[in-house]
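S.K.: This note's numbering runs 6 ahead of the 1-based position in the sequence shown.
Here it is: the structure, laid out below.
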Amino acid sequence: MRARTVAPLAALVLGGCLASKQDVFLLQNQLSTMQVASARADSARAAQMRMVLEQLVQSNDSMRAVGSRLAKLQSTVATDHYEMGRQILQIQELTGQSQRRLQELRASLEERNQMAAAPAPVAPSSGPVDTTSRPAPGGPGPAQLFQSSLDQLRRGSSTVARRGFEELLRSYPTSEDAPEAMVYIAETYAAERNQVAADSVYGLVVQRYPSSPKAATALYKHALSLRAAGRTTAARAAFDRIVKDYPRSDEAALAREQLRTLGR
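What follows is the structure, given as structure tokens:
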């Protein structure tokens, strides 16, 4: 009877022991499987991270290359703008020299014409001497007035130069030298640091002689004065007007460069 009771108990104990070992074995297998899966996932994530890092490195290299090319392009554009401005200034200087030389020739020609038109001296006569006054020879022509006034301005005599240019405008208001004479009047004021008067005269040049090439010159000088005074908005408007109203002038090219530096 006792043997019969012990046998089932032993079987149960042995069965319980066997079940526990099997569970442990299964658990070990599951752990191994999870470890393998985790290792594979870690490997995949590591591969993805390496790929992302490689792409970032490539992107950074590309951005640096683009930045380098952009910097070179900006440098090239700036150099081109500077060179263009320098060439324009050279052309203006050469043009100014040619105009000054032409002005000198015109003044000389006017002087010769006046000398040729002067009355010839009257031979002495045995009769009574006519003491009545004769008309004085004509005054200097516009070219002579312009040249003599310009010479005074170059010597630093701005007041004397201004008087000469003003006389030219009074005596020869329709002369081809009138617009440039008015520009120089403005420059005499600028030389005296009277920029308000200079800007006013620059405005008169544009108002009275809008179709003259000197209108663009006056407007450009006025725009530079505005920019120097810190009136950026007004300066930008003046530069825009030059580009719009005088697109083929040398000043238009200079105005475009000014607008670029102002961040149009």
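By construction, the Cβ of each residue, glycine as well, lies at the ideal position given by its N, Cα and C atoms.
Quick check: the Cα distance between G147 and R75, rounded to an integer number of angstroms?
M.R.: 60 Å
S.K.: If we ignore side chains and look at the alpha-carbon of each, how far apart do S139 and L159 end up?
M.R.: With a pLDDT of 33 at S139, under the threshold of 50, the modelled position of this residue cannot be trusted; read the value that follows with caution. Cα to Cα, the separation comes out at about 36 Å.
S.K.: Hey, quick one: how far does the alpha helix (DSSP H) through S155 stretch, first residue to last?
M.R.: P148 to R160
S.K.: If you check the beta carbons only, do A258 and A222 fall under 9 Å apart?
M.R.: Taking 9 Å as the Cβ cut-off, A258 and A222 qualify as a contacting pair.
S.K.: List the endpoints of the continuous alpha helix (DSSP H) containing A196.
M.R.: Residues A184 to A197.
S.K.: Out of E186, A45 and N66, which has the shortest C-alpha to C-alpha gap to F152?
M.R.: Nearest Cα to F152 within the set E186, A45 and N66: E186.
S.K.: Take T165 as the anchor and find which of R176, A184, A192 and A43 has the nearest alpha-carbon.
M.R.: A192
S.K.: Just how far apart, CA to CA, sit A243 and S65?
M.R.: 42 Å
S.K.: Would you grab the beta carbon distance between Q260 and Y226 for me? Rounded to a whole angstrom, and I think it's under 8 Å.
M.R.: In the sequence as presented, Gln is not what sits at residue 260; that position holds Leu. Between Y226 and L260 the Cβ distance is about 6 Å, and since that is below 8 Å, they are a contact.
S.K.: For the candidate residues R56, R51, D183 and D67, whose alpha-carbon lies nearest to that of A149?
M.R.: D183
S.K.: Please report the distance separating the alpha-carbon of E60 from that of A45.
M.R.: 22 Å
S.K.: Could you check the C-alpha separation between L265 and M57 for me, to the nearest Å?
M.R.: 47 Å
S.K.: By Cβ distance, which residues of its chain are closer than 6 Å to Y178, with the 5 residues on each side in sequence left out?
M.R.: P148
S.K.: Under 9 Å between the Cβ atoms of V207 and A224?
M.R.: yes
S.K.: How would you label G170, buried or exposed, when you count the other beta carbons within 10 angstroms and need 16 or more for buried?
M.R.: buried
S.K.: Mapping the DSSP letters down to three states, classify N35 as helix, strand or coil.
M.R.: helix
S.K.: Mapping the DSSP letters down to three states, classify G209 as helix, strand or coil.
M.R.: helix
S.K.: Please state the DSSP three-state secondary structure of S177.
M.R.: helix
S.K.: State the DSSP-derived secondary structure class of L268, mapped to helix, strand or coil.
M.R.: coil
S.K.: I need the boundaries of the alpha helix (DSSP H) containing S231, first residue and last residue.
M.R.: P219 to A234
S.K.: Can you list, in chain order, the residues of its chain with a C-beta nearer than 7 Å to that of D205? Leave out the 5 residues immediately preceding and following it.
M.R.: Setting aside the 5 residues that flank it on each side, D205 is surrounded in the same chain by H228 and S231, each with a C-beta closer than 7 Å to its C-beta; the list follows chain order.
S.K.: Quick one: what does DSSP say G170 is sitting in, helix, strand or coil?
M.R.: helix
S.K.: State the Cα-Cα distance for the pair S49 and L37, rounded to the nearest angstrom.
M.R.: 18 Å
S.K.: Could you tell me the alpha carbon to alpha carbon distance between T39 and K27, rounded to whole angstroms?
M.R.: T39 and K27 have their alpha carbons spaced roughly 18 Å apart.
S.K.: Shorter than 8 Å, the distance from the beta carbon of T165 to the closest heavy atom of the ligand NAP, or not?
M.R.: The model on display carries no ligand, and the ligand NAP is accordingly not part of it.
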